[in-house]
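Protein chains in written order, with numbering that gives the first Met the number 0: chain A, 0 to 230; chain B, 0 to 237; chain C, 0 to 220.
All residues carry an ideal CB built from backbone N, CA and C; glycine is no exception.
Below is one structure, written out as structure tokens; comments come after it.
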Amino acid sequence: MNTRKDTMGTALVALTLVAMMVSLYMVFLYAPREATMGDVQRIFYFHVPSAWVAFFAFFLVFVFSLVYLARSNKRWDTLAAACAEIGVLFCTLVLITGPIWAKPVWGVWWTWDARLTLTLVLWLIYVAYLMLRHYMTDPERRATFAAVLGVIGFLDVPLVYFSIRWWRTQHPQPVMAGGEGSGLEAPMLATLLVCIATFTLLFFTLLRHRLRLQSLRDEVDTLQDRLEQAG
Amino acid sequence: MSDESSLLLTRNLTKTFGRFTALRSLSLEVPHGESLTIVGRNGAGKTTFLKIVSSIIRSYTGEVLISGKNLKTADEDTRRTIGFVSHESLLYKDLTVRDNLGFYARMYGVADRDRRIGEIIRRVDLEAKTDVLVRALSRGTKQRLSLARAFIHSPSILLLDEPFTGLDERASEILDSLLGEFKASGGTLVMVTHDIERGWRLADRVVVFEKGKIVHQTSPRGSSFDAFRNEYRRILYD
Amino acid sequence: MWRAITTILWKDLKIELQTKEAFGASFVFSLMVLVIFNFTLDLTTEEALKMGAGFLWIAFAFGGVLALNRSFALERDENCVQGLQLMPVDRGGIYLGKCLANVIFMLITEIILLPLFAVFFNVDITGRPLYLFAVLFLGSVGFSSVGTLFSAIAVHTRMREVILPILLLPITIPILIAAVEATAYAFGADTDPSFWFRLLLVYDVIFVTVSFLTFGYILQE
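If you want it as structure tokens, here you go:
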């Protein structure tokens, strides 16, 4: 039974909590009020780091999928699956925080701008990845097929991005003032970077816990098998 | 164990499906020209073994050597020598008898294709149906075509997975005769079957699989069928 | 390898000639999509010219999914997939043969649908015919490249063919965008298509290659 104390995990959680508190302080108290958009702009500090984590997670899915195809070790498949789940989670956050920010600032819920649209497409691709995993029962086949999907999905990302961006220049939407990267003063930049670091820590915490959950599940399965064979 | 004289050699073959281990470090040597029958319960690993040797399953640990060459890196010429008789027909319903055989003949690089197709169609007594769609064939005729498919590229190693299951009398006869011819010409045979009597009759050696390992091995030359059957029952129901 | 490609192509074409399933389903469905667009969107001719390329490719994509599904569904019968797994050929060759067959089926549907589209929506499609053929070809190759691979994946899942569009459509967004823009140009629009044609080419090269390399993983047990 795996009851030994998970010091690394606990340390990670503690570190993440501290980082979160620092971030919250910086987001709400330290960072200055944005001139044109007001306090609503603070969502930006959650929106952008979420996008970064989602992208990072999907990149990891790509890497782990490649390694799985090369090595066929179940561990890489578990990692890929966990990263995909967390990636979709943060992707969803981006898609939720986006409109919440957009409505008061620009008056519309959704703009088909390149970044947001890319996020939506990514969400679709990796939800499809999770669905594929869900609808396959043979664990080895599932791992192989998911790995192939993980590689193809990520290779598609740059193509999706460029096609959407160029499409936008051909079909211009009304110009939205105050884009995300415009006019970042030093304290805002600092807050943003701290938030990105925090979210990254959060990612690793979630990843670790997801992996532990999986290994516990695997243990239960093994015990179940032994029970069936003995009885 | 000399690699050159054995046509098929597996070393420490292990295959797991998730939590289930189908084969445990299985080592088996089949010399050139031997007819081997594999028996055992469902789930003992017999079909998995066959699927690995026929390269249907390509991820496993351990080695499989065909005529001394590693199956994973073997070239087309070596892999072409393997034939597989399945209880599924592997036929395309919307192609004719001739086209089905043509497809397989082409993929296996059979020389003098048209002549060979004609030859095998005659051998399984399907001449009258040469240009009939498989969809329109009766079950028995389909079975005979399936046999033709397996033998069309003149394999030197034949793997059979429950080949007699569900065959009608005519098809059974033809399979028996094809196997007889095959053995007489020095072919190597590995057959998985539940029909232990038939398996015994056709074999030079019989091997029992249980839980992914070989637990018993005997030869019809050296012992009687009854002795084997008792031993087999003992293994299964112990 | 070449032998594998041509043999698979020959087989799939012969089966299709016999059953006409892929063409029938995809043509009828694509046509239906166009008809439904007409009813739901009551367009002026001017609007139709601008949006026509979009309708066309939506119709092609949905029809294409049906044809792709069939590509491996026909291998599922009698476990013919196992027959393919047994063959001593490079599995990439099997992929290319099937992909080529799918491209041909898509092209046939598209070529027949185009004049119908011109008639229904009163659109002049003769602007730049050479470019039009180029788009149809490159677009179909791109769509079929990933589509053939995913069709093989879909056939082995619990949801079977239903999961193919879910997997395929997001991934083919770049090629659909590019195809629509390039088709609009081919109809005579006054835009610069060079980026789109380049994107089509790049997409095709990348995904045919990757699918070719990974197909072996899908075709094994």
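**Chain-order list of residues whose beta-carbon lies under 8 Å from that of Phe163(B) (same chain, five-residue window excluded)** = Taking the second sequence and counting its residues from 1, the one referred to as residue 163(B) is at position 164. Excluding residues within five positions, the ones whose Cβ falls inside 8 Å are Ser171, Leu174, Thr192, Asp194 and Arg197.
**Prompt:** Any beta-carbon of chain C closer than 8 Å to the one on Ile120(B)?
**Reply:** For the purposes of this step, residue 120(B) is taken as the residue at position 121 of the second sequence. No, no contact with chain C.
**Message:** So with CB distances below 7 Å, who are the chain A contacts of Gly221(B)?
**Reply:** On the second sequence, residue 221(B) is found 222 positions in, with the first residue counted as 1. Chain A residues near Gly221(B): none, gap ~35 Å exceeds 7 Å.
**Asked** Looking at the unbroken beta strand (DSSP E) that takes in Ala245(B), where does it start and where does it end?
**Response** Because chain B is modelled from 0 through 237, residue 245(B) falls outside the range shown and cannot be assessed.
**Prompt:** Hey, which unbroken runs of the beta strand (DSSP E) at 3 residues or more fall wholly within the stretch 51-111 of chain B?
**Reply:** 60-65 and 81-84
**Item:** Minimum Cβ-Cβ distance from Asp224(A) to chain B less than 8 Å
**Value:** By 1-based counting over the first sequence, the position of residue 224(A) is 225. It does; some Cβ of chain B falls within 8 Å.
**Request:** Verify the CB distance criterion: does Thr76(A) have a CB-CB separation below 8 Å to chain B?
**Result:** One-based indexing of the first sequence puts residue 76(A) at position 77. The amino acid occupying residue 76(A) in the given sequence is Asp; Thr does not appear at that position. Chain B contact via Cβ: absent.
**Request:** Just mark Ala53(A) as buried or exposed, buried being the case when its beta carbon has 16 or more other beta carbons within 10 Å.
**Result:** For the purposes of this step, residue 53(A) is identified with residue 54 of the first sequence, where counting begins at 1. Buried: at least 16 other Cβ atoms inside 10 Å.
**Prompt:** Shortest alpha-carbon distance to Lys128(B) belongs to which of Val96(B), Ala183(B), Ile116(B) and Ser58(B)?
**Reply:** Translated into the one-based positions of the second sequence, residue 128(B) becomes position 129. Answer by Cα proximity: Val96(B).
**Amino acids of chain C, ordered along the chain, whose beta-carbon sits closer than 8 Å to that of Phe161(A)** = For the purposes of this step, residue 161(A) is taken as residue 162 along the first sequence, with counting starting at 1. Those within 8 Å of Phe161(A) in chain C are Pro173 and Leu198.
**Asked** Is the shortest distance between the beta-carbon of Pro230(C) and the beta-carbons of chain B less than 8 Å?
**Response** In this structure chain C extends from 0 to 220, so residue 230(C) is not present and cannot be described.
**Request:** Would you decide whether Gly185(B) is buried or exposed? Buried here means 16 or more other CB atoms lie within 10 Å of its CB.
**Result:** Indexing the second sequence from 1 puts residue 185(B) at position 186. The residue is exposed, with fewer than 16 neighbouring Cβ atoms inside 10 Å.
**Asked** Mind checking Glu77(C): buried by the 16 CB within 10 Å criterion, or exposed?
**Response** Locating residue 77(C) in the third sequence gives position 78, counting from the first residue. Buried, because 16 or more other Cβ atoms sit within 10 Å of the Cβ of Glu77(C).
**Prompt:** DSSP on Leu159(B), reduced to helix/strand/coil?
**Reply:** The residue given as residue 159(B) occupies position 160 in the second sequence. Residue state, collapsed to three classes: strand.
**Request:** Please name the residue, chosen from Phe227(B), Leu6(B) and Glu209(B), that lies closest to Arg78(B) on a Cα-to-Cα basis.
**Result:** Mapped onto the second sequence, residue 78(B) falls at position 79. It is Leu6(B) whose Cα lies nearest to the Cα of Arg78(B).
**Message:** For the structure I just gave you, are there three or more beta carbon pairs, one from the stretch 185-197 of chain A and one from the stretch 128-140 of chain A, closer than 8 Å?
**Reply:** no
**Request:** Would you please verify whether the beta carbon of Phe208(B) is less than 8 Å from any beta carbon of chain A?
**Result:** Counted from its first residue, the second sequence places residue 208(B) at position 209. Taking Cβ atoms only, chain A never reaches closer than 8 Å to Phe208(B), which makes this a no.
**Asked** For Phe186(C), which of helix, strand or coil comes out of DSSP?
**Response** Mapped onto the third sequence, residue 186(C) falls at position 187. Coil, per DSSP.
**Message:** Nearest by alpha-carbon distance to Thr143(A): which of Val38(B), Ser58(B), Glu33(B) and Lys14(B) is it?
**Reply:** Looking up residue 143(A) in the first sequence gives position 144. If we check each option's Cα against that of Thr143(A), Ser58(B) comes out closest.
**Prompt:** By a C-beta neighbour count over all protein chains shown, 10 Å radius and 16 as the cutoff for buried, is Met20(A) buried or exposed?
**Reply:** Position 21 of the first sequence, counting from 1, holds the residue named residue 20(A). The residue in question, Met20(A), is exposed, as its Cβ has fewer than 16 Cβ neighbours within 10 Å.
**Asked** Beta carbon of Leu206(A), beta carbon of Val47(A): below 8 Å?
**Response** If you number the first sequence from 1, residue 206(A) lands on position 207. If you number the first sequence from 1, residue 47(A) lands on position 48. Cβ distance not < 8 Å, so Leu206(A) and Val47(A) don't count as in contact.
**Asked** Got a sec: is the Cβ-Cβ distance from Ser71(A) to anything in chain B below 8 Å?
**Response** Reading the first sequence from its first residue, position 72 is the one you call residue 71(A). Judged by the 8 Å Cβ criterion, Ser71(A) is in contact with chain B.
**Asked** In three-state terms, what does DSSP make of Asn37(C)?
**Response** Numbered from its first residue, the third sequence carries residue 37(C) at position 38. Correct three-state label for Asn37(C): helix.
**Asked** Where DSSP assigns a beta bridge to Arg204(B), which residues make up the other side?
**Response** The residue you call residue 204(B) lines up with position 205 of the second sequence. According to DSSP, which records beta bridges pairwise, Arg204(B) is partnered with Leu35(B).
**Message:** Relative to the C-alpha of Leu65(A), which candidate in Pro87(C), Leu218(C), Thr213(C) and Phe116(C) has its C-alpha closest?
**Reply:** Taking the first residue of the first sequence as 1, we reach residue 65(A) at position 66. It is Thr213(C) whose Cα lies nearest to the Cα of Leu65(A).
**Prompt:** DSSP puts Lys10(C) in a beta bridge; with which residues?
**Reply:** One-based indexing of the third sequence puts residue 10(C) at position 11. DSSP output for Lys10(C) lists no bridge partner at all.
**Item:** Glu196(B) (DSSP reduced to helix, strand or coil)
**Value:** Locating residue 196(B) in the second sequence gives position 197, counting from the first residue. Glu196(B): helix per DSSP, three-state reduction.
**Outcome for Ile217(C) when other beta-carbon atoms lying within 10 angstroms are tallied against a minimum of 16** = In the third sequence, residue 217(C) corresponds to position 218, counting from 1. Per the 10 Å Cβ criterion, buried.
**Prompt:** For His215(B), which residues does DSSP report across the bridge?
**Reply:** On the second sequence, residue 215(B) is found 216 positions in, with the first residue counted as 1. DSSP, once it has assigned bridges, lists Val207(B) as partnering His215(B).
**Message:** Suppose the cutoff is 8 Å on Cβ atoms and the five residues either side in sequence are ignored; what does the same chain contact list for Val150(A) look like?
**Reply:** For the purposes of this step, residue 150(A) is identified with residue 151 of the first sequence, where counting begins at 1. Answer for Val150(A): Phe61, Ser64, Leu65 and Leu68, listed in chain order.
**Prompt:** Residues in the stretch 12-31 of chain B with C-beta within 9 Å of chain A's C-beta atoms, listed in sequence order?
**Reply:** Thr15, Phe16, Gly17, Arg18 and Phe19
**Message:** Can you confirm whether Gly177(A), when its beta carbon is compared against all beta carbons of chain C, has any partner nearer than 8 Å?
**Reply:** The residue you call residue 177(A) lines up with position 178 of the first sequence. For Gly177(A), the predicted model reports a pLDDT of 47, less than 50, meaning its position is unreliable and no value from the coordinates is stated.
**Prompt:** Starting from Leu245(B) and walking both ways along the alpha helix (DSSP H), at which residues does that stretch end?
**Reply:** Outside the displayed range of chain B (0 to 237) lies residue 245(B), so it cannot be described from this structure.
**Asked** Is Ala177(C) close to chain A, meaning its C-beta is less than 8 Å from at least one C-beta of that chain?
**Response** Translated into positions along the third sequence, residue 177(C) becomes position 178. Yes, its Cβ sits closer than 8 Å to a Cβ of chain A.
**Coarse secondary structure for Asn229(B), derived from DSSP in three states** = Along the second sequence, read from residue 1 onward, the residue named residue 229(B) stands at position 230. Of the three classes helix, strand and coil, the one that applies to Asn229(B) here is helix, per DSSP.
**Prompt:** Which first and last residues belong to the alpha helix (DSSP H) in which Asn101(C) is found?
**Reply:** Here the question's residue 101(C) lines up with position 102 in the third sequence. Counting along the chain, the alpha helix (DSSP H) containing Asn101(C) begins and ends at Arg90 to Phe120.
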